[in-house]
Amino acid sequence: MKKYTILLVLLLINTFIQVSCTKFPNEKKLIKDHIQTFVGTELDLKIEFKEFEVVKTITYQDSLDYLIPKFSDNLKIRANSYNDFELKIDSIINYNNLMIDSLYGLKQKVNELYKLYQDGWEREYSNYYRKKKNETEATLKYLDDNDIELRVVTDLASNYHNQLSKYYKNPSTIIGTLYKVKFKAFNPFLKTDQTIDTYFLVNMNTKYVERINATD
774 MKKYTILLVL
784 LLINTFIQVS
794 CTKFPNEKKL
804 IKDHIQTFVG
814 TELDLKIEFK
824 EFEVVKTITY
834 QDSLDYLIPK
844 FSDNLKIRAN
854 SYNDFELKID
864 SIINYNNLMI
874 DSLYGLKQKV
884 NELYKLYQDG
894 WEREYSNYYR
904 KKKNETEATL
914 KYLDDNDIEL
924 RVVTDLASNY
934 HNQLSKYYKN
944 PSTIIGTLYK
954 VKFKAFNPFL
964 KTDQTIDTYF
974 LVNMNTKYVE
984 RINATD
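Below, the structure written as structure tokens:
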């Protein structure tokens, strides 16, 4: 009886190993191709998966929870919720657009002065006109730099707004699955096998795969 019990346990273990190895074949192939592609070149790293398990499914709500603090830091604002973030985004966009309009009018006036001083410099070559021309050149550069910075931040805020609003409308939508993976691979640079524990985010619909650090 004891012998049959041991055989049964061994059979169950063997069955479990076989099932584990055959689960997620499409996901494994996608991750394997991702790992083995280096600067557009496919390598044969002799990958063997040791562990492959689902950690969680990722939804739009997870993206909101992750991106709101990140986007807030990028824009140097504080926001703890989507609605708070949206209010501050709208405020940034409206303020920046007003400033861009004001800069446009100011640059027109400075350009007129610059032309006046440039004409005076070309006509008289006096130190006064040369100094004023240089001053207006510096002013125009300062205004242009501010204009560019305002437009960059405004575009960034608009992109953030569009991205998060899509997530907010459908928070339960699943966008991927997070897998905990342990695999053995041959490192062609070190000429040795390595065993690696890591995580991968996979979306089988779009064939998207990304390696994720445990701290992300």
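For the sequence shown, this note's numbering gives the first residue as 774, with consecutive numbering after it.
Beta carbons are placed, not taken as given, at the ideal position from N, Cα and C, and that holds for glycine.
Thr965, buried or exposed, once every other Cβ within 10 Å from all chains shown has been counted against 16: Sequence index remark: in the sequence shown, residue 965 carries index 192 (1-based). For Thr965, the number of other beta carbons within 10 angstroms of its own is below 16, and it is reported as exposed.
When you compare the CB positions of Gly949 and Leu974, do they come within less than 8 Å of one another, or not? Translated into the one-based positions of the sequence shown, residue 949 becomes position 176. Translated into the one-based positions of the sequence shown, residue 974 becomes position 201. The beta carbons of Gly949 and Leu974 sit closer together than 8 Å.
Taking the beta strand (DSSP E) that Lys955 falls in, what are its first and last residues? Translated into the one-based positions of the sequence shown, residue 955 becomes position 182. It spans 947-960 - the beta strand (DSSP E) in which Lys955 sits, taken as one unbroken run.
Ser854 versus Val926 - alpha carbon distance: Locating residue 854 in the sequence shown gives position 81, counting from the first residue. Locating residue 926 in the sequence shown gives position 153, counting from the first residue. Ser854 and Val926 have their C-alpha atoms roughly 20 Å apart.
In angstroms, rounded to a whole number, what distance separates the CA positions of Lys957 and Leu916? Residue numbering aside, residue 957 sits at position 184 when the sequence shown is read from its first letter. Residue numbering aside, residue 916 sits at position 143 when the sequence shown is read from its first letter. One Cα belongs to Lys957, the other to Leu916, and the distance between them is close to 56 Å.
Can you name, in chain order, every residue of its own chain whose Cβ lies under 6 Å from the Cβ of Asn867, other than the five neighbours on each side? Looking up residue 867 in the sequence shown gives position 94. Contacts found: none.
For Arg903 and Gln881, what's the separation of their Cα atoms in angstroms? The residue given as residue 903 occupies position 130 in the sequence shown. The residue given as residue 881 occupies position 108 in the sequence shown. Between the alpha carbons of Arg903 and Gln881 lies a gap of roughly 20 Å.
Burial state of Ser875, where buried means 16 or more other Cβ atoms lie within 10 Å: On the sequence shown, position 102 is the one that residue 875 refers to. Counting Cβ neighbours within 10 Å, Ser875 comes out exposed, since fewer than 16 surround it.
Could you tell me which of Ile969, Glu859, Asn856, Gly878 sits nearest to Lys953, measuring between CA atoms? In the sequence shown, counting from the first residue as 1, residue 953 sits at position 180. The option with the nearest alpha carbon to Lys953 is Ile969.
How big is the Cα-Cα spacing for Ser836 and Tyr981? The sequence position of residue 836 within the sequence shown is 63, counting from 1. The sequence position of residue 981 within the sequence shown is 208, counting from 1. Ser836 and Tyr981: Cα-Cα distance of roughly 15 Å.
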